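This report refers to the structure that appears directly beneath it.
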């Protein structure tokens, strides 16, 4: 109910204030919440495991509304235990109003309204986490490699890598890699093309790490860029 009231308030505010005015809604987040990544087309909200007003939360609902009414709204709901939520399909250099709702059962224990602006798009290969590297970047395929290591005391069992194009058809390729193998190759790509990637490292069904980034394939005829 409170979430619906927040949505109505923001919608009225957006439509009634025009697209060129400045927002008077704060951009800060509640304690224990943070923007772990803000890109040109995606954002990632993360949080610590904590109680909210004495309640143990079980769901987090993140909803963003663009200042321009011609663009689409984006939302996602995840379990509080996931500690992170990613919204994709956003527009570069765009102001969004943010509605964050945290629930415990049927009760909404936290509601927050804020703003966030996506970054301007400038291609730069996103650095990978420690122990991971692009061992080959070719015109039609890329290979992700990694060293054997532990994460938070666990030895991972699976690496899931997803690449998504930015074309209207949203070509997606996903590959599951056995962690013990040490690498995974994704093919069927287009030369000289930027892809958004998402990497998840798992131990069984437990997600130990989730990262987002960008990578660009090499030009046709240029061959692969291989790294040791």
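In mature numbering (1 follows the signal peptide of the UniProt record, and there is no 0), the protein residues as written are -21 to -1, 1 to 207. Glycine included, every Cβ here is placed at the ideal spot set by N, Cα and C. These numbers were taken from a predicted model, which means no experiment stands behind them.
7 Å Cβ cutoff met for residue i and residue j
i	j	result
residue 97	residue 63	no
residue 75	residue 92	no
residue 123	residue 163	yes
residue 121	residue 191	no
residue 80	residue 87	yes
residue 71	residue 99	yes
residue 175	residue 193	yes
residue 11	residue 26	yes
residue 77	residue 43	yes
residue 131	residue 187	yes
Residue i - containing beta strand (DSSP E), residue span
i	result
residue 140	137 to 144
residue 55	53 to 58
residue 25	21 to 26
residue 179	173 to 182
residue 96	86 to 96
residue 129	Premise fails: residue 129 is in no beta strand (DSSP E) and is neither H nor E.
residue 157	151 to 157
residue 112	111 to 116
residue 160	Taken as a continuous stretch (DSSP letters only), residue 160 belongs to no beta strand (DSSP E), as it is neither H nor E.
Selected residue, minimal CA-CA separation from residue i, among the options
i	options	result
residue 36	11, 83 and 15	83
residue 15	66, 184, 162 and 47	66
residue 56	45, 24, 156 and 113	24
residue 169	185, 106 and 195	195
residue 157	143, 167, 134 and 175	134
residue 28	199, 113, 19 and 13	13
residue 167	160, 154, 161 and 159	154
residue 38	199, 114, 188 and 89	89
residue 21	30, 40, 53 and 183	53
residue 197	173, 51, 188 and 61	173
residue 101	68, 200, 185 and 18	18
residue 189	199, 8 and 111	111
residue 51	109, 114, 159 and 68	68
residue 58	45, 185 and 49	185
DSSP three-state assignment for residue i, whether helix, strand or coil
i	result
residue 61	helix
residue 31	strand
residue 75	strand
residue 198	coil
residue 1	Its pLDDT being 38, under 50, residue 1 is placed unreliably in this model, and the value from its coordinates should be taken loosely. Reduced to three states, the DSSP call for residue 1 is coil.
residue 101	coil
residue 38	strand
residue 124	strand
residue 16	strand
residue 45	strand
residue 80	strand
Within-7 Å CB hit, residue i to chain B
i	result
residue 132	Absent from the structure is chain B; it holds one protein chain and no more.
Check: residue i C-beta below 6 Å from any heavy atom of the ligand MG
i	result
residue 106	With respect to the ligand MG, the structure offers nothing, as it holds no ligand at all.
Query raised in the report: Can at least three beta-carbon pairs, one atom from the segment 130 to 143 and one from the segment 176 to 188, be found at a separation below 8 Å?
Result: Taking 8 Å as the limit for Cβ pairs, the verdict is that the segment 176 to 188 does touch the segment 130 to 143.
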